[in-house]
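Position one of the sequence shown corresponds to residue -11 (the numbering used here), numbered consecutively onward.
One structure is given below, encoded as structure tokens.
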Amino acid sequence: MPSVIIQPSTKDTSLESGYPNSNRGSDPTLWIGRYYIGFSGKSVYRALIQFDLGMLPQGSIVVEAILKLYFNYATNSSIPAYITPFLIVDEWDENTATWNNGPNIDETVFGSTKAVTKEGWYGFNITNIVNGWISGLYVNNGIMLKTPEVQNFETKSFYSKDETINISLRPMLQLTYITGYPFTLNERRFVKAKSTYTVYDEENFTDVNDCSAYDKYTYFVYNTSENSVIIKLLISPGDDLWIEDGNEIILDAGKTVALVPYLFSQYSRLSYKNKDVGKGANITVWFEAQV
């Protein structure tokens, strides 16, 4: 299958909460993560990045899209930064974007999470996002890279498109694709719900969803805390007898998982509890169904 590398990015910048009105669009390095939040102040960084897909042949279907960033500095290499790419839904200008006026994101549409520790190349799988751009399902406003922002001194920096010495280490997007299969995307309607839960030692459950009207559905679970959580997908034919659909999943700090049922039943929910006794956690759960 053919592939193409787009390098560098069209535009990129980072946002900093400690300097909420400052723009970093021309910086050669960009930051991601939480540096410090305490009595003396706070500093959290998020990065924005966008690529022009114009060199991709018309009618292509992307088999794999990998965003590659070269991280050149780690505040503390023993503290991983769990970085996730999210779809940006608003337009933004790299020369004016700040923490206070930065764009919004769709947290239900994201790529693979990477645990960044030391310097070097890291790849983030954003295949679903890129295919959404080329099919017209999403507008290409780029992606935001952020962590759960719960761990001090996790900050990492990467070379931006404005790096002038190590130009081969600028951001790149590697696309593997097939051609000759143009397709149209029929209109689809989605049902979405987002909830947050506090996790305890005892097993608890999310809200019950009636899935009888849906063609397919997915639970996305994002562990926003520093402790691991045990997650299970449960299904029921009548909201009174619950069975496990698949194996339990250990969801580590900063990680995201997508759960799709193997069997279809009218009702579904998730169970959750702490992996380690006495170490509480928090999770965000998205339920997304296609009608």
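Glycine included, every Cβ here is placed at the ideal spot set by N, Cα and C.
Discussion item. Assuming the contact rule is C-beta atoms closer than 8 Å, PHE146 and LEU258 should be a hit. Round their C-beta distance to whole Å, please.
Written reply: Here residue 146 refers to the residue found at position 158 when the sequence shown is read from its first residue. Here residue 258 refers to the residue found at position 270 when the sequence shown is read from its first residue. No, PHE146 and LEU258 are not in contact; Cβ-Cβ is about 34 Å, not under 8 Å.
Worksheet item: What is the rounded straight-line gap between the Cα of LYS261 and the Cα of GLY130?
Response: Taking the first residue of the sequence shown as 1, we reach residue 261 at position 273. Taking the first residue of the sequence shown as 1, we reach residue 130 at position 142. Cα-Cα distance, rounded: 35 Å.
Practice prompt. Following the continuous alpha helix (DSSP H) through ILE283, name the residue where it begins and the one where it ends.
Written response: Since the first and last residues shown for the chain are -11 and 279, residue 283 lies out of range.
Item to complete: Identify which residue in ASN270, ASP195 and LEU157 has its Cα closest to the Cα of GLU107.
Response: In the sequence shown, residue 107 corresponds to position 119, counting from 1. That would be LEU157, whose Cα lies nearest to the Cα of GLU107.
Practice prompt. Give the C-beta separation of PHE39 and ILE71 to the nearest angstrom, bearing in mind that I take them to be a contact with Cβ-Cβ under 8 Å.
Written response: Translated into the one-based positions of the sequence shown, residue 39 becomes position 51. Translated into the one-based positions of the sequence shown, residue 71 becomes position 83. In fact, because the Cβ distance is near 17 Å, the residues do not count as touching under 8 Å.
Discussion item. Please list the terminal residues of the continuous beta strand (DSSP E) segment that includes VAL248.
Written reply: The sequence position of residue 248 within the sequence shown is 260, counting from 1. Counting along the chain, VAL248 falls outside any beta strand (DSSP E), and DSSP gives it neither H nor E.
Discussion item. Using only the alpha-carbon positions, how far apart do ASN83 and THR212 sit?
Written reply: Mapped onto the sequence shown, residue 83 falls at position 95. Mapped onto the sequence shown, residue 212 falls at position 224. So the two alpha carbons sit approximately 31 Å from each other.
Worksheet item: Between ILE20 and LEU133, which are expected to be in contact by the criterion C-beta below 8 Å, what is the C-beta distance as a whole number of angstroms?
Response: Indexing the sequence shown from 1 puts residue 20 at position 32. Indexing the sequence shown from 1 puts residue 133 at position 145. At roughly 5 Å, the Cβ-Cβ gap stays under 8 Å, so ILE20 and LEU133 are in contact.
Discussion item. For a quick check, are the C-beta atoms of THR244 and VAL209 less than 8 Å apart?
Written reply: Here residue 244 is taken as the residue at index 256 of the sequence shown, counted from 1. Here residue 209 is taken as the residue at index 221 of the sequence shown, counted from 1. Yes; because the gap between Cβ atoms is below 8 Å, this pair is in contact.
Item to complete: Could you tell me if ILE153 is buried or exposed, where buried requires 16 or more neighbouring beta carbons within 10 angstroms of its beta carbon?
Response: Position 165 of the sequence shown, counted from the first residue, corresponds to residue 153. Exposed, by the Cβ-count rule.
Worksheet item: Exposed or buried, which one is THR172 when buried takes at least 16 other CB atoms within 10 Å?
Response: On the sequence shown, residue 172 is found 184 positions in, with the first residue counted as 1. Below a pLDDT of 50, predicted positions are generally treated as unreliable, and THR172, at 48, falls in that range; no measurement from the model is reported.
Worksheet item: Would TRP121 be called buried (16 or more neighbouring beta carbons within 10 Å of its own) or exposed?
Response: Here residue 121 refers to the residue found at position 133 of the sequence shown. Looking at its Cβ environment, which holds 16 or more other Cβ atoms inside 10 Å, TRP121 is buried.
Worksheet entry | Residue of GLY13, LEU125 and MET43 minimising C-alpha distance to TRP80 | For this step, residue 80 is matched to residue 92 along the sequence shown. Closest by alpha carbon: GLY13.
Item to complete: Please report the Cβ distance between LEU36 and THR1, rounded to the nearest whole angstrom; I am assuming they are in contact, meaning their Cβ atoms lie under 8 Å.
Response: On the sequence shown, residue 36 is found 48 positions in, with the first residue counted as 1. On the sequence shown, residue 1 is found 13 positions in, with the first residue counted as 1. That pair is a contact at about 5 Å.
Discussion item. Is the beta carbon of GLY226 closer than 8 Å to that of TYR250?
Written reply: For the purposes of this step, residue 250 is taken as residue 262 along the sequence shown, with counting starting at 1. For the purposes of this step, residue 226 is taken as residue 238 along the sequence shown, with counting starting at 1. No; because the gap between Cβ atoms is not below 8 Å, this pair is not in contact.
Worksheet item: When the Cα of TYR23 is compared with those of ASN89, PRO68, ASN92 and LEU75, which residue comes out closest?
Response: To locate residue 23, count along the sequence shown from 1; it is residue 35. Minimum Cα distance to TYR23 is reached at PRO68.
Worksheet item: For SER256, is the classification buried or exposed, using 16 other Cβ atoms within 10 angstroms of its Cβ as the cut-off for buried?
Response: Translated into the one-based positions of the sequence shown, residue 256 becomes position 268. Buried.
Discussion item. Starting from TRP274, trace the beta strand (DSSP E) in both directions and tell me its first and last residue.
Written reply: Sequence index remark: in the sequence shown, residue 274 carries index 286 (1-based). Run containing TRP274: 269 to 278, per the beta strand (DSSP E) assignment.
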